[in-house]
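Numbering (my numbering), first residue to last: 28 to 580.
Beta carbons: idealized from backbone N, C-alpha and C, even for Gly.
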């Protein structure tokens with residue numbers, strides 16, 4: 028659970044995250060934009076490691092830093108507003124000041140003396156707090172706002188290049204996490220803050236602070252990469268990638284560092300406890316040489332945990348967050364390491380009067396990247412569409428019938444906290460595994476699901492691997508065309524799965540109950556109009572004709 032003030036911007040961001048998770052990522056190697064290439068080249072040419080092995084990076088200014096206006100007036104105003112909050116909430120004040128005290132004690136920020144504060148091209152960042160009561164480490168975290176506009180409308184972030192996305196999608200991370208028999212999770216402690224910002228660039232991330240109201244306001248400079256910087260995620264991920272590239276002689280280590288990290292969490296595994304332990308010992312060694320330390324170890328293997336018991340987590344439940352800055356509470360997916368299952372934690376508790384804002388704010392926090400709850404969440408998407416068509420204002424009560432529909436769904440949806448799904452899908456990588464995909468459609472939505480089937484010790488094991496759903500367009504589309512959309516969705520899902528699990532061998536089968544769609548696929552795409560031709564050609568790129576079958580659902 029995460030406490031934040033909910034406003035229109037937060038809802039918009041939550042919806043973007045929700046629909047982003049619903050999209051199937053493009054598995055082809057992405058061509059970098061000119062800005063992304065600039066940031067990558069800038070890193071290669073400017074990064075260094077100090078005498079302690081810690082990375083030192085420069086800020087990638089894609090636009091001239093001379094364009095920055097005066098940031099100090101806005102920052103002073105926000106500091107004084109924060110101090111007024113302190114007076115009304117002593118506990119909040121205590122946690123905030125403890126965080127800042129730790130920040131200083133760790134050397135992550137330092138006082139700027141008057142003699143050293145002579146440069147005109149500097150910048151100040153305002154700060155605020157994010158509170159996460161469910162955190163096992165830091166309940167309150169101070170965040171620094173690099174997007175705060177200066178007097179001329181620019182901000183530090185508006186001048187910095189963002190950099191390319193280096194980490195895999197959460198869909199790929201979690202799908203890959205379902206394969207090894209022995210798995211583990213571990214957190215890279217204060218990952219961003221282990222990376223130093225070059226001395227000459229620290230002046231662009233200065234803050235104002237005083238510990239007591241009766242003190243003068245002092246200027247501090249942040250010495251490490253801070254979360255809110257536009258390129259922060261790239262810089263942190265790129266440092267880890269550099270460690271991987273420097274250790275290519277250890278393929279397992281290099282692959283794990285490049286493919287199995289999501290934000291600051293490592294989710295990986297192996298076929299035996301000994302192999303997993305060996306990989307992790309290598310990871311601990313190479314990361315520690317660069318100042319990165321690991322904590323909150325968790326695993327489904329007691330043998331593995333015994334090796335890292337000093338830093339292991341006491342909580343057997345690992346929650347997967349969908350938001351890198353933790354700006355919304357997660358109603359979602361967690362892994363119980365003691366019984367090696369995925370579980371879900373819905374907390375939809377809306378009461379009338381219901382509004383569009385309240386419904387979208389709460390329901391868009393649902394987190395199901397693998398589609399394990401698709402039969403439930405597809406109703407949510409259909410409901411969104413119905414709600415949108417009413418053209419109800421954001422804060423006006425929705426129609427009575429929709430209220431009844433939502434409350435009925437909400438009651439049923441909250442029952443899924445009793446549902447568990449086995450994490451481990453593939454029994455052994457030595458045997459050939461069959462993947463069975465199914466596609467179907469109705470006038471309201473279309474769906475695709477992929478199941479994993481394997482024979483092991485004369486026993487057949489079948490499990491849902493992934494699924495996706497889409498709402499049918501508002502403009503009426505024929506059922507055969509919607510079923511073609513379902514088949515197209517299935518082909519994209521197969522493409523993503525096969526790319527993610529490219530180290531394994533599968534026999535692939537695709538099933539649908541539309542003979543019309545199969546006839547379209549059996550003929551050359553040039554015979555059909557654009558809608559059908561485009562989709563059939565893309566389907567056939569992934570699914571050969573011999574893999575396509577018809578069945579009655």
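- Taking residue 183 as part of the beta strand (DSSP E), name the residues at either end of that continuous run. Residue 183 -> not in any beta strand (DSSP E); alpha helix (DSSP H) instead, spanning 183-186.
- Message: Using 8 Å as the threshold, is the C-beta distance between residue 19 and residue 477 below it?
- Response: This structure gives no information on residue 19, because the portion of the chain shown stretches from 28 to 580.
- Apart from the five residues on each side of it in sequence, which residues of its chain come closer than 7 Å, Cβ to Cβ, to residue 499? 470, 471, 472, 473, 509
- Rounded to whole angstroms, how far is the Cβ of residue 198 from the Cβ of residue 396, which I believe are closer than 8 Å? Contact check for residue 198 and residue 396: beta-carbon distance about 5 Å, within the 8 Å limit, so the pair qualifies.
- Message: Which same chain residues end up closer than 8 Å to residue 258 when comparing Cβ atoms and leaving out the 5 residues on each side of it in sequence?
- Response: 66, 86, 87, 187, 188, 189, 190
- Message: Using CA atoms only, rank isn't needed, just tell me which of 442, 418, 411, 452 is closest to residue 433.
- Response: 411
- Could you pull out every unbroken alpha helix (DSSP H) segment of at least 4 residues lying fully inside the region 361-409, listed in chain order? 383-390
- Message: DSSP three-state label for residue 226, please.
- Response: helix
- Decide if residue 210 is buried, meaning its Cβ has at least 16 other Cβ atoms within 10 Å, or exposed. buried
- C-alpha gap between residue 255 and residue 64, whole angstroms: 21 Å
- Message: I need the DSSP call for residue 467, collapsed to helix, strand or coil.
- Response: strand
- Task: Just tell me which of 496, 501, 443 has its CA closest to the CA of residue 414.
- Result: 501
- Count the other C-beta atoms from every protein chain shown that fall within 10 angstroms of the C-beta of residue 278, then say buried if there are 16 or more, exposed otherwise. exposed
- With 16 other CB atoms within 10 Å as the buried threshold, where does residue 570 fall? buried
- Opposing strand residues paired with residue 322 [DSSP bridges]: 214
- Query: So, is residue 289 buried or exposed, given that buried needs 16 or more other C-beta atoms within 10 angstroms?
  - Reply: Classification of residue 289: buried, given that the 10 Å Cβ count is 16 or more.
- Query: What do you get for residue 214, buried or exposed, if any count of 16 or more other CB atoms within 10 angstroms of its CB means buried?
  - Reply: buried
- Message: Under 8 Å: do the region 147-158 and the region 90-108 share three or more Cβ pairs, one atom per stretch?
- Response: yes
- Length-filtered (3 minimum) beta strand (DSSP E) runs lying within the region 62-136: With a minimum length of 3 residues, the continuous beta strand (DSSP E) runs that stay inside the region 62-136 are 82-84.
- Message: Do residue 481 and residue 448 count as a contact pair if the criterion is CB distance below 8 Å?
- Response: no
- Query: Can you name, in chain order, every residue of its own chain whose Cβ lies under 7 Å from the Cβ of residue 568, other than the five neighbours on each side?
  - Reply: There are no such residues.
- Query: Helix or strand or just coil, what does DSSP make of residue 462?
  - Reply: Note: residue 462 maps to strand in three-state DSSP.
- Can you have a look at residue 78 and say buried or exposed, based on whether 16 or more other CB atoms are within 10 angstroms of its CB? exposed
- Rounded to a whole number of angstroms, what is the C-alpha to C-alpha distance between residue 350 and residue 393? Any answer about residue 350 is weak, because its pLDDT of 48 lies below 50 and its placement is not dependable; what the coordinates show is given next. Approximately 12 Å between the Cα atoms of the pair.
- Message: Please report the distance separating the alpha-carbon of residue 532 from that of residue 425.
- Response: 50 Å
- Item | Reduced DSSP category for residue 453 - H, G, I as helix; E, B as strand; rest coil | coil
- Query: Nearest to residue 543 by alpha carbon, out of 507, 82, 310?
  - Reply: 507
- Query: Ends of the alpha helix (DSSP H) at residue 543?
  - Reply: Per DSSP, residue 543 belongs to the alpha helix (DSSP H) from 542-549.
- Message: Using the three-state DSSP reduction, which class does residue 208 fall into: helix, strand or coil?
- Response: coil
- Message: Taking the alpha-carbon of residue 204 as reference, which of 383, 59, 503, 369 has the nearest alpha-carbon?
- Response: 369
- For residue 224, I'd like the list of residues in its chain whose CB is within less than 8 Å of its CB, leaving aside the five on either flank, ordered along the chain. Here the set comprises 83, 84, 85, 86, 232, 249, 250, 251, 252.
- Message: According to DSSP, residue 534 sits in a beta bridge with which residue or residues?
- Response: 461
- Which residues does DSSP pair with residue 424 in a beta bridge? 382
- Task: Taking residue 389 as the reference, give the member of 497, 440, 452, 297 with the closest Cα.
- Result: 440
- Item | Anticipated Cβ contact below 8 Å, residue 450 with residue 534, distance rounded | Not confirmed; about 23 Å, so no contact.
- Query: Exposed or buried, which one is residue 97 when buried takes at least 16 other CB atoms within 10 Å?
  - Reply: exposed
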